[in-house]
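Working notes, beginning with the structure itself.
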Amino acid sequence: MTSNRLPVILIIFAVVLVGLYSSVYVVNAREQAIVVRFGEIQSVKTEPGIYFKLPFSFMDADRVQLVEKQKLRLDLDNIQVQVKGGATFDVDAFVIYSINDARRFRETVSGDRDAAEARLRTRLDSALRRVYGLREFDAALSDERVSMMLEVRDDLRPDAELLGLNIEDVRIRRTDLTADVAPNTYNRMRSERLAEAELLRAQGTEDGLRRRAIADRQVVEITADAQRDAEILRGQGDAERNRVFADAFSRNPAFFEFYRSMAAYSSALSSQDTTLVLSPNSEFFRYFDSAAGALQTPPANSGAPAAAVPGAAAPAAPAQPAN
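According to UniProt numbering, the residues represented by the sequence shown are 1 to 323, in order.
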């Protein structure tokens, strides 16, 4: 009797195990689960753990759909965009996004990531064309590139939210000129830079001439002021010297005359080549024989020769009558 019940017990035990196994599902930290019963969303599990559902998902009863929870990346390559002026760029960009609303994600695209990325790719293409089309040629190659990426991200966010997605970031990886317009664009850029260089050079030359003219004028003004001040100081010095001489002369006229005579001797006889032929009674020699400055008067018709200063030429001899 017991042997007849054993197969039945084993079958019942197996059915229980299968039912238990099919009613348990596990959600890890990188996923979130959507529980669907007869096509309707029953619950969304975003926290990791072990959960239960109705067993046996046949006839569309309690199926579990797992979707990614971590950040995902969508690349968009070789998009041709046109900027103001007609230049065309080849642009590579990528989007970092996450599924933040699993219920809406299931309702809009049936939880299909490929379908969501296809719609997101279309919107990214449109946003890139719009952002580039509003700017000049140099914008994408300058610091404005950061603001362009932020603008594309903000354009994508409303449409992504309708899909249950959150746009974390948008990056432009490459911006290159297309092969058919690159030579003309480079030539135009070169011409513009040469023109800009010539303008800067002309402005520099003009500024240099202006600064040199100002410097020359300042030199003339400073020199004139210095000469004026020098003349004033020289005149003041001469006036002070004359005042000192006049004061000295008024205090001791005899000493002043002696000092002036000594200065005249020093100036007149400073060189060994100096020759003076003067009368001994000349005022110039008044201090030679007397410290008091008294002139020695020779007797009349004495026939005394004129005094000669050392190094001076002797007076000429009288001429002899001819035979």
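Don't be surprised by glycine CBs; every beta carbon is placed ideally from N, CA and C.
Bear in mind that the values here come from a model prediction, so they are computed numbers and not experimental data.
The stretch 184-201 and the stretch 121-129 do not touch, with fewer than 3 CB-CB distances between them shorter than 8 Å. Taking the Cα positions, residue 104 is about 15 Å away from residue 157.
Rounded to whole angstroms, the gap between the alpha carbons of residue 250 and residue 218 is 47 Å. Remark: C-beta atoms of residue 29 and residue 48 approach each other more closely than 8 Å. Across the structure, residue 189 and residue 43 are spaced so that their CA atoms are roughly 60 Å apart. For residue 11 and residue 27, the gap between their C-alpha atoms comes out near 30 Å. Partner residues in a beta bridge of residue 42, as assigned by DSSP, do not exist. As for any beta strand (DSSP E) of minimum length 3 sitting wholly inside the stretch 233-267, there is none.
DSSP lists 82 as the bridge partner or partners of residue 88. Take residue 136, set aside five residues on each side of it, and the residues of its chain with a beta-carbon closer than 8 Å to its own are 83, 84 and 85, in chain order.
Membership of residue 135 in any alpha helix (DSSP H) is not indicated, and neither H nor E is assigned to it by DSSP. Under the three-state reduction of DSSP, residue 221 is assigned to helix.
At the C-beta level, residue 99 and residue 91 stay beyond 8 Å of one another. Nearest to residue 130 by C-alpha distance, out of 155, 233, 143 and 108, is 155. In this structure, 111 is the residue among 221, 252 and 111 with its C-alpha nearest to the C-alpha of residue 39.
A direct Cα-Cα distance of roughly 16 Å separates residue 153 from residue 140. Residue 89 and residue 216 do not touch by the CB rule: their CB atoms are close to 53 Å apart, not below 8 Å. It is roughly 13 Å from the alpha-carbon of residue 34 to the alpha-carbon of residue 109.
Residue pairing by DSSP places residue 49 opposite 27 in a beta bridge.
One alpha carbon belongs to residue 274, the other to residue 214, and they sit about 53 Å apart.
DSSP, reduced to helix, strand and coil, places residue 100 outside both helices and strands of the structure shown, so it counts as coil. Following the DSSP letters along the chain, one finds residue 157 inside the alpha helix (DSSP H) bounded by residues 144-162.
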